Structures are given as structure tokens and as C-alpha cells.
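In our numbering, the protein residues as written are 2 to 155. Beta carbons are placed, not taken as given, at the ideal position from N, Cα and C, and that holds for glycine. On a predicted model such as this, the values are computed, not experimentally measured, just so you know. Have a look at the structure below before the remarks.
And the structure:
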């Protein structure tokens, strides 16, 4: 479910939106100190930096972390992508573990963890089948969620 990385999608991540955000930047810069915004841009990670630059919004949510399962490879990949996007935009990463668009991380981490090319596949299956497909270990999910939050804060 990856978006193209060239701004060609007919609905999302259009190159033309950046002209609008540069206009917003002019408004933000009228404040002392200058204001900034955080882009809620579910875009290809290779294009996140475009939204977070100092000529546009200033930051972008790192949704790669919200897609990560509780496996070393998944977490490491999300962290590396987020830090790379922050470096490219000369900004900082705004880490997101879950929101209204994805299963909450405590619920995801309570399910069996497998590397999957389709992020949250187990969590989506579990939700669509009324929680009857996989055993959920809520205590384990809560412990993993607390540990992930501590890692995020570090």
C-alpha cells in the first residue's frame, strides 16, 4: 500500500500542495518567534522531508513508527526512516505510535508479532473478526507499549 514517491498520486501527496504550505510558512513567520505546524502526511517516507522543511510546515509525523510491530527489525527500520526524514528536512522527528487511523499500539503489541510486508495485518484481521482470530495477551501488550514509549522518549 505504498504511495508513489514522485508526487503523481491523483489524490495524495501532490506536488502542488507544497506551494500552499509555503504560503502558510509566510504566515507562520509573521509571529515572534515564528510558528510551525506538524504535517499529518501519510506519504512515502522518501517524501516526508518535503513537508517538514523550514520553508514549509516545520515537522511531519513519523507514521513509520505507528506501522512498526514489536520486532527488532520493524522498530529499527521505523526509527531509521524517521531519523533519515528528519535529517533530510533539517528538522526533528515527531514520533507517532498510534492514532485514530490505526490499531492502538498496546492492542497491536498484545497480538502475536510477525514480520509482515502488510503492516498491522494481524491487528486488522483481529478487528475484522471481532477479536476471535488470535489470542490477545493484554498484559504483555501493555508492558510492550510502556517499553516502546520509553524507547520513543529516549
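For residue 15 and residue 9, the rounded distance between their alpha carbons:
6 Å
Report all residues from its chain with a CB closer than 7 Å to the CB of residue 26; omit the five preceding and five following residues, and keep chain order.
Shown here for residue 26: same chain residues with a beta carbon closer than 7 Å to its own, the five before and five after excluded, namely 56, 57 in chain order.
What did DSSP end up calling residue 8 once you bin it into helix, strand or coil?
coil
Rounded C-alpha distance that separates residue 5 from residue 11
Distance between the alpha carbons of residue 5 and residue 11: 10 Å.
Would you mind giving the Cβ-Cβ distance between residue 77 and residue 50, rounded to the nearest angstrom? I have them listed as a contact below 8 Å.
Going by Cβ atoms, the distance from residue 77 to residue 50 rounds to 20 Å, so no, they are not a contact pair.
Whole angstroms are fine: how far does the CA of residue 66 sit from the CA of residue 155?
14 Å
Which residue comes first and which comes last in the beta strand (DSSP E) that contains residue 64?
No beta strand (DSSP E) holds residue 64; the alpha helix (DSSP H) holding it covers 64-68.
I'd like the list of long-range same chain contacts for residue 105, defined as Cβ closer than 7 Å, with 5 residues on each side in sequence excluded.
99
Give, in chain order, every unbroken run of the alpha helix (DSSP H) that is at least 4 residues long and sits entirely within the region 7-66.
Secondary structure remark: continuous alpha helix (DSSP H) runs of at least 4 residues inside the region 7-66, in chain order: 18-29, 49-53.
Segment limits, alpha helix (DSSP H) that includes residue 152:
For residue 152, the enclosing alpha helix (DSSP H) stretches over residues 139-154.
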